[in-house]
Amino acid sequence: MLKTLIRPLLIVAAFAAGYCVPEARSLTFLIRYLLLAMLYFVCLQVKIVHLKPRGSHWKILLANILIGTCGWAVLLFSGYPELACAVFFTGISPTASAAPVITRFLGGSVTYVVVSFLITNVGISASLLGLIPLVTGNFTFSFFQDVAGNLLLVLGVPALAALLSRKFISSSREWPERLPLLSFTLWLLMLFITAGSASSFIRSTPDLSPLILLSIAGLSLGLCVLNFTVGYFLGGWRYRREAGQSLGQKNTMFTLYLALTFSSPLAAMGPTFYVLWHNLWNAAQMFLHDRRKNLRKKKRRAPCGNERKRYIDAVMKEPEP
677 MLKTLIRPLL
687 IVAAFAAGYC
697 VPEARSLTFL
707 IRYLLLAMLY
717 FVCLQVKIVH
727 LKPRGSHWKI
737 LLANILIGTC
747 GWAVLLFSGY
757 PELACAVFFT
767 GISPTASAAP
777 VITRFLGGSV
787 TYVVVSFLIT
797 NVGISASLLG
807 LIPLVTGNFT
817 FSFFQDVAGN
827 LLLVLGVPAL
837 AALLSRKFIS
847 SSREWPERLP
857 LLSFTLWLLM
867 LFITAGSASS
877 FIRSTPDLSP
887 LILLSIAGLS
897 LGLCVLNFTV
907 GYFLGGWRYR
917 REAGQSLGQK
927 NTMFTLYLAL
937 TFSSPLAAMG
947 PTFYVLWHNL
957 WNAAQMFLHD
967 RRKNLRKKKR
977 RAPCGNERKR
987 YIDAVMKEPE
997 P
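Heads up: the sequence shown runs through residues 677 to 997, numbered per the numbering used here.
So this is what it looks like as structure tokens:
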């Protein structure tokens with residue numbers, strides 16, 4: 677029981693420690709490099725020939741766009757423009773680069789989630805070229821350059837590095853298995869820095885209404901439940917877990933940057949709260965997965981009741997010497 681709680685407790689501890697150390701905001705520049713390292717280990721396990729889009733991948737992309745834009749429209753026309761922006765930048769977030777890592781922890785198809793990551797990040801980035809001016813009216817051509825540069829770095833560098841590693845270092849394919857805790861450790865460090873950044877913003881804005889923060893937190897929680905649930909059904913029977921992870925675990929670092937650049941720090945609180953919710957969701961998933969895994973191991977070790985009965989009967993029937 678204690679073993680299955682270790683990873684969820686570490687996730688909560690990383691958030692708590694980050695909130696208590698707002699100075700961790702100065703380490704935000706490391707997030708990009710942590711993501712690069714995590715995605716590199718994911719790409720080491722994936723063969724390019726297996727990266728084939730499925731119909732559910734395009735459904736995930738469409739749902740991703742609709743959830744963000746519809747949520748924004750409803751709140752905007754209801755008279756809550758600040759909440760609308762927070763919901764937009766939360767709901768429109770594409771699949772996180774850490775999603776394949778979590779999928780590997782859960783024993784799912786890493787390849788499926790990598791394809792989701794590629795399709796949603798490219799598709800969402802393209803759609804944002806038109807949606808950003810619609811939502812904020814604060815658009816410049818440099819935005820397209822920023823998006824293209826970030827995508828090239830986050831997607832291209834790890835994939836190219838993994839391709840070269842697999843080609844020239846045959847043992848590199850085994851590195852993720854040999855270092856199973858490395859990706860998880862990098863992920864915890866990223867959560868710590870993110871929580872520290874959120875804590876710094878809240879502490880530096882004393883006039884911020886608690887009701888606004890609670891509203892954004894509640895809306896982001898609702899989006900989290902909606903995303904994982906919708907994704908679960910879009911994936912069909914075979915890829916329920918993977919599709920849920922693809923739509924539910926968001927690249928909030930990307931939209932957090934966009935919100936701060938083109939909207940306001942308040943809008944950025946939506947993706948910030950979402951980081952907490954989707955990681956708590958993942959913590960619960962990992963707890964249940966580890967518990968089921970341990971139960972299966974115990975069942976394999978335990979002797980079958982029928983076999984034990986047959987063995988006892990055979991012994992009792994043996995003639996005495």
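We put the beta carbon where it would ideally sit given N, CA and C, even for glycine. Quick caveat: nothing in here was measured; it's all calculated off a predicted structure.
Endpoints, the alpha helix (DSSP H) within which residue i is located
i	result
Trp-913	Where Trp-913 is concerned, there is no enclosing alpha helix (DSSP H), given that its DSSP letter is neither H nor E.
Leu-829	No alpha helix (DSSP H) holds Leu-829; DSSP gives it neither H nor E.
Glu-853	851-854
Arg-708	706-719
Tyr-756	It is not in any alpha helix (DSSP H) - Tyr-756 carries neither H nor E in the DSSP assignment.
Ser-801	786-811
Residues of its chain near residue i, where Cβ-Cβ distance is below 8 Å and the 5 sequence neighbours each way are ignored
i	result
Lys-711	According to the sequence shown, residue 711 is Leu rather than Lys. Excluding residues within five positions, the ones whose Cβ falls inside 8 Å are Ser-773, Ala-774, Val-830, Met-866 and Met-929.
Cys-900	Gly-924, Tyr-950, Trp-953, His-954 and Trp-957
Tyr-987	Its pLDDT being 46, under 50, Tyr-987 is placed unreliably by the model, and nothing is read from it.
Trp-734	Ile-795
Thr-881	Pro-941
Ile-707	Met-866, Ile-869, Thr-870 and Met-929
9 Å Cβ cutoff met for residue i and residue j
i	j	result
Leu-737	Ile-800	yes
Val-789	Ser-922	yes
Thr-771	Leu-727	no
Phe-765	Pro-941	no
Leu-828	His-965	no
Ile-869	Ala-700	yes
Gly-744	Ala-874	no
Leu-720	Ile-808	no
Arg-780	Ser-859	yes
Val-811	Ser-939	yes
Phe-717	Leu-839	no
Val-791	Pro-729	yes
Same chain, Cβ closer than 6 Å to residue i, neighbours up to 5 away in sequence not counted
i	result
Gly-747	Val-763 and Gly-767
Ile-682	none
Tyr-908	Arg-916 and Gly-920
Leu-862	Leu-710, Ala-713 and Met-714
Ser-1010	Outside the modelled stretch of the chain, which goes from 677 to 997, sits residue 1010, for which no answer is possible.
Leu-936	Ala-944
Glu-785	Checking the displayed sequence, the identity of residue 785 turns out to be Ser instead of Glu. So the list reads Glu-918, once near-sequence residues are dropped.
Glu-994	Only weak support is given to the placement of Glu-994: the predicted model assigns it a pLDDT of 49, under 50, and the question is left unresolved by the model.
Asn-927	Ser-769, Pro-770 and Ala-772
Ile-687	Asn-955 and Ala-959
Leu-902	none
Gly-898	none
Nonlocal neighbours in the same chain, by C-beta distance under 7 Å from residue i, ignoring five residues either side
i	result
Met-945	Ala-762, Leu-889 and Ile-892
Val-697	Gly-872
Leu-751	Leu-759, Ala-760 and Val-763
Gly-911	Ser-732, Glu-918, Ala-919 and Gly-920
Leu-932	Ala-944, Pro-947 and Thr-948
Ala-739	Val-906, Leu-910 and Leu-923
Ala-689	none
Phe-793	Thr-771, Ser-773, Ala-775 and Pro-776
Ser-848	Leu-720, Ser-841 and Arg-842
Phe-691	Leu-867, Ala-871 and Leu-952
Pro-834	Leu-712, Leu-715, Tyr-716 and Cys-719
Trp-913	none
Arg-976	none
Residue i - partner residues in DSSP beta bridges
i	result
Thr-771	Lys-926
Closer than 9 Å to chain D by CB, residue i
i	result
Tyr-716	This model lacks chain D altogether, as it is built from one protein chain only.
Next on the checklist: Report the start-end ranges of each alpha helix (DSSP H) in the region 852-900 that is 4 residues or longer and not cut off at the edges.
Outcome noted: Taken in chain order, the complete alpha helix (DSSP H) segments of 4 residues or longer contained in the region 852-900 are 856-879.
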